Amino acid sequence: MNPVRKRRLWMVLALLVAAAAATALVALALQRNVAYLYTPSEVLGGKAGENVSSGQAKFRLGGMVAERSFARAEGSMQASFRVTDGDAELPVVYTGILPDLFRENQAVIATGRMQGGTFVAEQVLAKHDETYVPKEVADKMGLAHQKHGVHTPADTAADAR
Amino acid sequence: MQALPELGQVALVLALLVALLQAALPLAGAQRGNAAWIAVARPAAYVQLLLVAGAFAVLTTAFVAQDFSVRYVAENSNSLLPLVYRYTAVWGAHEGSQLLWALILAGWTAAVARFSRSLPDEVVARVLGVMGLVSIGFLSFLIFTSNPFARLLPAVAEGRDLNPLLQDPGMIAHPPILYLGYVGFVVPFAFAVAALVDGRMDARWLRWTRPWTNIAWGFLTCGIAIGSWWAYYELGWGGWWFWDPVENASFMPWLAGAALLHSQAATEKRGSFRGWTVLLAIAAFSLSLLGTFLVRSGVLTSVHAFAADPARGLFILVFLAIVIGGSLLLYALRAPRFEPGAPFATSSRETLLLANNLLLVCACGMVLLGTLYPLLADALDLGKISVGPPYFGFLFVLLMAPLVLLLPFGPLTKWQRETASRPLAMLAPWLALALVLGAVAYFFAPQGPWKTAAGVAASAWVALGTLRFVWTRVRGSGRAFTAEMLGMVLAHAGIAVFLVGALLVEAQQSQRELAMKPGQTVELGGYAFRFEGVDEARGPNYLSDRGHVQVLRDGEPLVLLHPEKRAYASGGQVMTEAGIHAGPFADVYVALGEPLGAADDPDRAAGAWAVRVHVKPFVRWIWLGAALMALGGFVAATDRRFRRRVAERAGVAGEAA
Chain A
1 MNPVRKRRLW MVLALLVAAA AATALVALAL QRNVAYLYTP SEVLGGKAGE NVSSGQAKFR
61 LGGMVAERSF ARAEGSMQAS FRVTDGDAEL PVVYTGILPD LFRENQAVIA TGRMQGGTFV
121 AEQVLAKHDE TYVPKEVADK MGLAHQKHGV HTPADTAADA R
Chain B
1 MQALPELGQV ALVLALLVAL LQAALPLAGA QRGNAAWIAV ARPAAYVQLL LVAGAFAVLT
61 TAFVAQDFSV RYVAENSNSL LPLVYRYTAV WGAHEGSQLL WALILAGWTA AVARFSRSLP
121 DEVVARVLGV MGLVSIGFLS FLIFTSNPFA RLLPAVAEGR DLNPLLQDPG MIAHPPILYL
181 GYVGFVVPFA FAVAALVDGR MDARWLRWTR PWTNIAWGFL TCGIAIGSWW AYYELGWGGW
241 WFWDPVENAS FMPWLAGAAL LHSQAATEKR GSFRGWTVLL AIAAFSLSLL GTFLVRSGVL
301 TSVHAFAADP ARGLFILVFL AIVIGGSLLL YALRAPRFEP GAPFATSSRE TLLLANNLLL
361 VCACGMVLLG TLYPLLADAL DLGKISVGPP YFGFLFVLLM APLVLLLPFG PLTKWQRETA
421 SRPLAMLAPW LALALVLGAV AYFFAPQGPW KTAAGVAASA WVALGTLRFV WTRVRGSGRA
481 FTAEMLGMVL AHAGIAVFLV GALLVEAQQS QRELAMKPGQ TVELGGYAFR FEGVDEARGP
541 NYLSDRGHVQ VLRDGEPLVL LHPEKRAYAS GGQVMTEAGI HAGPFADVYV ALGEPLGAAD
601 DPDRAAGAWA VRVHVKPFVR WIWLGAALMA LGGFVAATDR RFRRRVAERA GVAGEAA
């Protein structure tokens, strides 16, 4: 093998090794940092899997804040509310300031894990304006709502358009 | 008066027709050598600018005059909206921002037409022709799917109001500057496609495009920095970067653009990496397009996605496929024709620039994967997922660490062949000094010693290494310190400043969320915050709960902050306005949550409130660093060499650093 070819071969090998290492790293990082979105009925019905209902896996809980479910112990930062998808409800606790757009009967996505029968949230995101429901939540809840005839902001948004 | 919006529509349609002319005739003319057709390019570019600017003026007039019979105005304005925000509301949502995009594209096109006299006419014709093609795509998108002039009949008496998030000075500047950057990448793109059509890449054309890339990248840097600054003070979370899909959308072209800047330099000076440079130019612009569409089409769920309209999706997909697929196909057919550049050794500046490019492109690919993965998973029915910030943070740091390590070597290493020990010997003492400074920081850091040490060492290394280069140039007699070099030094110094900000704020920041009663004091990061209650204030189109927080340092009053909670009259949206005391070494940041008393208590506002306090050391350095990088881009663009008329055909090999 002449020296030029030899050098090329080494370069190709080095590139392959680098690419393999990069792929492995990216796959690992993705796997560790991906959070799935589930609705309360998926969590309670076991569709979300054992890891989610046992509290091992962190996930995102999506749904609507149930009417008259929000409460805060007076003078305390701990808030509790229930998230519903029309079929099932899940109690949620969160310590801290809730986003500006957090309101009962509005869409919400909370990140955290199950603890006992309660979802302990680390982060709560609310929808960003009056006509906007996170698409993924709307998709997941769409069927449930049609079934129950529950009125959601998603419908309102569609009406407005 | 009432006919005006239709006038805007007519202007847009005419602009589309002119764009068709601007694309078809010059491209065909350049191919056949028809001088008359080639001559159409420049006037067409000017007329197009005039027409699109006319349409933009019409829409602005509709906003200022509060013409709620125009649907877009009715949806994004309100009679209470202050005058200045009526101007900026023009680009507050999808349709208007696409019109702004088209206007900026027409502006860049006209600028190319005006400042390209030193180039051969066929080249200019091809470049303007390609820009015309892009313009056709954008104007049709506007006219057929996102018409900003559509009427709302019958007209409504009151508009729905501009999203309160956007009623802010930062929002006045963010989109136009960001778009100047995005769209600016159309110039290297058009040049690259023209070079592919022509089958060869001439060094003088390349030299001519370099300042355009620099300026576009500078604007993009500014735009991203303003966006980050805006998110910092407006969203009330105190963060400056969230790895939000929308931020990623603007960051990907930035990374590709940074790689392009460097590879263009190598191609212009040494003739190396011709094909790679063309590929990067295509990538930078394609990612800009992808970014624009991802953000505004509502594909991504995020702060910026106001309207989720799947009807536009198909158009966008087809347009992207044509632009990306078409240019890549052309690349596959034509790029092998490029002459190879001058050979270079393993130890040379070319190799270092190659490493720079590989790292930046890998980072870009990593961000692209993380951003599109949820969309992909959704399309493949793998569930609704989101990719968390730790993915981006971990991989980005991993990829950028070697880049920071190699950065000071680049300018000190010779083109073509270098004795590896020479730059190493020059930099070794400075590397040692940087490590010592890092170690000192480790022991003196009040918290987060490792990150602080890494931040100080990395920043000192980049700063000292860059200064070492400056010293070499200044000491070396008779060798000029060009604007291009000055720009490079400024941008690299910007990286050093940015590193201080990004890593030290990460290591040293402190935050607390707590319930505070009036009169209560909390200590954080060497500051004391005394909550003095909340009163009511009235703005032009909102009512606000205005908090009073006295900040004390060492028992002395420092500043009285007024965090606000604003309720906007229309739609009842609530917005947080953080109270911030900005300082060169630390920001003090207070955001107001909600009253914590019982909901039926009439004196609720006088009781305890949820309050979030932050102390953010060195956070300003992040934006200062970005400003220096942008300035570097602009300064480098002014280099006289780029404007020189070059008589000889190929001035590739003659240029030394």
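Heads up: the protein sequence lines correspond to chains A and B, in order. With the numbering used here applied, the first sequence corresponds to residues 1 to 161, in that order. With the numbering used here applied, the second sequence corresponds to residues 1 to 657, in that order. Virtual Cβ for every residue (Gly too), placed ideally from N, Cα, C. Here the structure is a predicted model, which is why all the values come from computation and not from measurement.
Along the chain, where does the beta strand (DSSP E) containing D587/B start, and where does it finish?
Its beta strand (DSSP E) spans residues A586 to P595.
Classify Q509/B: buried if its beta carbon has 16 or more other beta carbons within 10 angstroms, exposed otherwise.
Buried.
Just to confirm my understanding: we take L352/B, look at its own chain, exclude 5 residues before and 5 after, and list those with CB closer than 8 Å. What are they?
L406, F409, G410 and T413, listed in sequence order.
Thinking C-beta only, is A457/B closer than 8 Å to A434/B?
Here A434/B is near A457/B, since their CB atoms are less than 8 Å apart.
Do the segment 602-611 of chain B and the segment 630-645 of chain B meet, that is, are 3 or more Cβ pairs less than 8 Å apart?
As far as the Cβ criterion goes, the segment 602-611 of chain B does not touch the segment 630-645 of chain B, which means the pair count is below three.
Any beta-carbon of chain E closer than 8 Å to the one on G388/B?
Among the protein chains of the structure shown, namely A and B, there is no chain E.
Close beta carbons around E418/B, own chain, < 6 Å, minus the five adjacent residues each side
For E418/B, where only same-chain residues beyond five positions count, the Cβ hits under 6 Å are S347 and S348.
Would a C-beta distance cut-off of 8 Å place W430/B and R473/B closer than the cut-off?
Contact: no.
Using the Cα positions of Q31/B and M366/B, report the straight-line distance between them to the nearest angstrom.
Rounded to the nearest angstrom, the two C-alpha atoms are 39 Å apart.
Under 8 Å, Cβ to Cβ, is there at least one residue of chain B near E74/A?
It does: the Cβ of E74/A has a partner Cβ on chain B nearer than 8 Å.
Taking the alpha helix (DSSP H) that R553/B belongs to, which residues open and close that run?
R553/B: not part of any alpha helix (DSSP H); member of the beta strand (DSSP E) spanning Y542 to R553, first to last residue.
Just the Cα atoms here: how many angstroms apart are G625/B and G487/B?
For G625/B and G487/B, the distance between alpha carbons rounds to 13 Å.
Can you tell me the Cα-Cα spacing of V635/B and A265/B, whole angstroms?
Cα-Cα distance, rounded: 15 Å.
Going straight from the alpha carbon of V156/B to that of F68/B, what length do you get?
Their Cα atoms are separated by approximately 6 Å.
Give the DSSP-derived three-state secondary structure of V124/A in the structure shown.
V124/A: strand per DSSP, three-state reduction.
Cβ-based contacts, 9 Å cut-off: residues of the segment 606-621 of chain B near chain A
Answer set for the segment 606-621 of chain B: G607, A608, A610, V611 and R612.
Hey, how far is the Cα of L289/B from the Cα of P245/B?
When rounded, the distance between both Cα atoms is 15 Å.
Nonlocal neighbours in the same chain, by C-beta distance under 7 Å from L133/B, ignoring five residues either side
Closer than 7 Å at the Cβ level, and outside the excluded window around L133/B, lie A23.
For H90/A versus P40/A, is the C-beta spacing smaller than 8 Å?
Residue 90/A is actually Leu in this sequence, not His. Yes.
CA-CA distance, V295/B and T371/B?
Straight-line Cα distance between these residues: approximately 12 Å.
Assuming contact is defined by CB atoms lying nearer than 8 Å, are A192/B and I316/B in contact in what I supplied?
No, the pair does not count as a contact, with Cβ atoms beyond the cut-off.
Let me see if you follow: with CB-CB separation under 8 Å, is G632/B close to chain A or not?
Contact of G632/B with chain A is not assigned, every C-beta pair being separated by 8 Å or more.
Secondary structure at W91/B, three-state DSSP: helix, strand or coil?
In the structure shown, W91/B sits in a helix (DSSP, three-state: H, G or I).
For L153/B, which residues of its own chain have a beta-carbon under 6 Å away from its beta-carbon, when the five flanking residues on both sides are left out?
So no residue of the chain qualifies.
Going by DSSP, what residues sit across from H614/B in a beta bridge?
BP columns for H614/B point to Q511/B and Y589/B.
Which whole-angstrom value describes the C-beta separation of Y373/B and L30/A, a residue pair presumed to lie in contact below a C-beta threshold of 8 Å?
Rounded, the Cβ-Cβ distance is 7 Å, consistent with contact.
8 Å Cβ cutoff, F394/B in contact with chain A:
Yes, its Cβ sits closer than 8 Å to a Cβ of chain A.
With three or more beta-carbon pairs closer than 8 Å as the criterion, would you say the segment 83-100 of chain B touches the segment 58-68 of chain B?
Contact between the segment 83-100 of chain B and the segment 58-68 of chain B is present, because at least three Cβ pairs lie under 8 Å.
At the level of alpha carbons, what is the spacing between A650/B and A379/B?
Any reading at A650/B must be qualified, since the residue scores a pLDDT of 40, below 50, and its modelled position is unreliable; the value itself is stated next. If you draw a straight line from the Cα of A650/B to the Cα of A379/B, it is about 49 Å long.
Just tell me which of L80/B, P175/B and A113/B has its CA closest to the CA of A569/B.
Nearest in C-alpha terms to A569/B, of all of L80/B, P175/B and A113/B, is L80/B.
Alpha carbon to alpha carbon, how far is L16/A from R7/A?
L16/A and R7/A have their C-alpha atoms some 14 Å from each other.
Whose Cβ in chain A lies nearer than 9 Å to the Cβ of Y85/B?
Going along chain A, no residue has its Cβ under 9 Å from Y85/B, so there is no contact; the nearest lies around 16 Å.
Whole-angstrom C-beta distance between M64/A and E513/B, which should lie under 8 Å
Not quite, the Cβ-Cβ distance comes to about 25 Å (not below 8 Å), so this is no contact.
Counting only beta-carbon atoms, is F642/B nearer than 8 Å to chain A?
F642/B does not count as touching chain A.
What did DSSP end up calling P91/A once you bin it into helix, strand or coil?
DSSP places P91/A within a strand segment (E or B) once states are collapsed to three.
When the distance is taken between beta carbons, is R337/B closer than 8 Å to R204/B?
Taking 8 Å as the cut-off, the beta carbon of R204/B is found no closer than this to the beta carbon of R337/B.
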